Amino acid sequence: MARVLVFTRTTDYRHDSIEHAVGVVGGLLRADGHAVEHTEDPAAFRPDRLADVALVVWLSTSGDVLDDVGRDAFASWLADGGAWAGIHSATTSEPSWPEFERIAGARFVDHPDVQPATVRIAAPTHPSTGGLPPAWRHTDEWYNFRSRPGADRTILLTVDEADYAGGTMGDPHPIAWAGAYGDGRTWYTALGHEARAYDDPVLRAHLLGGLRSLLEEDG
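Numbering (my numbering), first residue to last: 6 to 224.
Pasting the structure below:
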């Protein structure tokens, strides 16, 4: 059993889906036998409080959510072998902390109106994509990012810009990826704007696979 911290603090836009998403993500983790703590307290990011945490999930966080002490503690914990999962607006977080872009892999810029589009699998053997359809229709906020994730990230999912209005990334437009930060592991998905999305079996399988990929070494 691993200890998982689900963090949902917002100091900017707050998604109506957070409460339901916390229930779904927590339920998936608990069903796998893990201990889950949900918090919006930035003081949770201290060396002593992170010491026995295996995975931190930033679930639709936004704005500056940590203080300087928490930033240092979180970055050190992750680089020393922790694991971080970011869901949806996690990439809008910590705009004044440059290091966070290196942790998350990319920085949110903007998004068009919520609309359906086609999601495609880019890495079919990853736990968060294995078993998913090669392409499926999904309704979401299709995030545009300041830059593409670097070569040290594995792109897992893309969205077809020809299938919706407002994409600015070109082809391929990444929306989920995995990578490393020091000795730590990271996984991010831009999916998850609407509460009802978390009831979609495809999205649930994607989330569960991503979380499992970060916890597999911790058993």
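Backbone N, C-alpha and C fix where the C-beta goes; we use that ideal spot for every residue, glycine too.
Since we're looking at a predicted model, the values are computed, not measured.
Legend entry - T163 vs P177 beta-carbon contact at 8 Å: A contact, by the Cβ cut-off of 8 Å.
Legend entry - 3-residue-minimum beta strand (DSSP E) runs that sit fully inside the region 142-176, ordered along the chain: Segments of the beta strand (DSSP E) lying fully in the region 142-176: 159-164.
Legend entry - Proximal residues to Y18 (C-beta, below 6 Å), its chain only, five neighbours per side dropped: Annotation for Y18: S67 place their beta carbon closer than 6 Å to its own, counting only its chain and skipping 5 residues before and after.
Inset, instruction - Please determine if the region 84-103 and the region 38-54 are in contact, where contact requires at least 3 C-beta pairs separated by less than 8 Å. - result: In short, these stretches do not touch, since the Cβ pair count stays below three.
Legend entry - Where R142 falls, given that 16 or more other Cβ within 10 Å makes a residue buried: R142 comes out exposed.
Legend entry - Contact set for D69: own chain, Cβ-Cβ below 8 Å, skip 5 residues either direction: Same-chain partners within the cutoff: T16, S98, E99, P100, S101, W102.
Legend entry - Through-space distance from H131 to D157, alpha-carbon basis: The straight-line gap separating the alpha-carbon atoms of D157 and H131 is approximately 15 Å.
Legend entry - 6 Å Cβ shell around R201 - same chain, five flanking residues per side excluded: Within the same chain, and ignoring the five residues on either side of R201 in sequence, no residue has its Cβ closer than 6 Å to its Cβ.
Legend entry - Three-state secondary structure assigned by DSSP to W82: Residue state, collapsed to three classes: helix.
Inset, instruction - Could you tell me which of D168, G91, L10, P129 sits nearest to V119, measuring between CA atoms? - result: Out of D168, G91, L10, P129, D168 has the C-alpha closest to the C-alpha of V119.
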